[in-house]
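First comes the structure, then the notes that go with it.
Residue numbers (this note's numbering): -2 to 298.
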């Protein structure tokens, strides 16, 4: 993002796409930790969108073993898609704060109504490219990126517009370290760029991010960053429902965000899976706020 673009912060207090409750408290925790003020100090005009656009999730009890709580997730994604599309068309930088990673189904669906060649950097311990058939858990937050690729239940893949919303050649997974067998096969089949923690260990974060940015910006009309806090090692970010050892350290996570800002290609973002109920003294909440700052222009000097 080359200029100090106005930022619209969209809270999505939702956690029915995951197996553990608590991520619904993430947006309020981030705002309470000074997210808006931090962005304003960086020179951004900000506006927090009220969450009154969201339906009553508890009233929809549709579920199945392969797609748990799918009724609530679908209603949320449709609402988020409409709101994000509105924000994107208004010239602001949409920043969605979750919430579990299923909110990204709605985020991407909304962005795709404005960006036909959207690139996506998915910074996450997981790939989230399961389908209802391949998912071991049935939790929809593990199907979020697959839906954007047009894979899975058509009720989700066609939200906002026809599927697919994304093209595999403009997606980069970064920090991946826990994949289901079905996801491994699909990543290889589609040729999705997947930069695992092994790659980061071997080549360094700067080199990996340069490659990832090149992938997602090639021929794109915008780049979306989807940052799952579980990409960071649980020693640094304990407040998440899906921790996996061996993740990004503090500086690697910040460097990734700083390099994205320097590249000047990012047009939207979401940050997800911050679970204050599992946090240690607001450690994860504070880190998430700092990382958003780095993505949007914070510098050491």
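Glycine residues also receive a C-beta, built at the ideal position from the N, C-alpha and C atoms.
In chain order, what residues of the same chain have a beta carbon less than 7 Å from the beta carbon of residue i, not counting five sequence neighbours either side?
i           : result
residue 113 : 218
residue 71  : 152 and 153
residue 279 : 30
residue 202 : 249, 252 and 253
residue 21  : 10, 11, 12 and 96
Given residue i, which residues of its chain have a CB within under 6 Å of its CB, disregarding the five upstream and five downstream residues?
i           : result
residue 224 : 120 and 268
residue 18  : 12
residue 168 : 117 and 189
residue -2  : Low per-residue confidence applies at residue -2: pLDDT is 44, beneath 50, and the placement is therefore not dependable, though the value from the model is reported in the following sentence. For residue -2, where only same-chain residues beyond five positions count, the Cβ hits under 6 Å are 263.
residue 42  : 3
residue 211 : none
residue 256 : 206
Which of the three DSSP states is assigned to residue i in this structure?
i           : result
residue 41  : coil
residue 262 : coil
residue 288 : helix
residue 279 : coil
residue 8   : strand
residue 193 : strand
residue 268 : strand
residue 148 : coil
residue 16  : coil
residue 229 : strand
residue 51  : coil
residue -2  : Bear in mind that a pLDDT of 44 at residue -2, under 50, signals an unreliable position, so the model cannot answer this.
residue 245 : strand
residue 104 : helix
Assuming contact is defined by CB atoms lying nearer than 8 Å, are residue i and residue j in contact in what I supplied?
i           : j           : result
residue 103 : residue 74  : yes
residue 149 : residue 128 : yes
residue 60  : residue 68  : yes
residue 14  : residue 137 : yes
residue 124 : residue 187 : no
residue 161 : residue 139 : no
residue 24  : residue 10  : yes
residue 6   : residue 34  : no
residue 99  : residue 165 : no
residue 259 : residue 226 : no
residue 266 : residue 222 : yes
Among the candidates the options, whose CA atom is the shortest distance from the CA of residue i?
i           : options               : result
residue 122 : 37, 78, 237 and 263   : 237
residue 289 : 176, 31, 278 and 48   : 31
residue 87  : 76, 95 and 108        : 108
residue 80  : 96, 48 and 66         : 48
residue 117 : 274, 191, 16 and 178  : 191
residue 181 : 158, 216, 143 and 201 : 143
residue 261 : 250, 233, 243 and 220 : 220
residue 194 : 244, 66, 76 and 20    : 244
residue 179 : 156, 132 and 84       : 132
residue 328 : 230, 37, 89 and 50    : Look at the range of the chain in this structure, -2 to 298, and you will see that residue 328 is not part of it.
residue 16  : 157, 134 and 147      : 134
Ends of the beta strand (DSSP E) at residue i?
i           : result
residue 151 : Element bounds for residue 151: not the beta strand (DSSP E) but the alpha helix (DSSP H), 151 to 154.
residue 169 : 168 to 173
residue 225 : 219 to 225
residue 117 : 115 to 120
residue 91  : 90 to 95
Looking only at its chain, what residues have a beta carbon closer than 8 Å to the beta carbon of residue i, apart from the 5 residues adjacent to it on each side?
i           : result
residue 283 : 30
Name the two residues that bound the continuous alpha helix (DSSP H) containing residue i.
i           : result
residue 79  : 67 to 86
residue 24  : 23 to 29
residue 140 : No alpha helix (DSSP H) contains residue 140, which DSSP labels as neither H nor E.
residue 202 : 202 to 214
Could you confirm whether any beta carbon from chain E is found closer than 8 Å to the beta carbon of residue i?
i          : result
residue 32 : Here there is only one protein chain, and chain E is not present.
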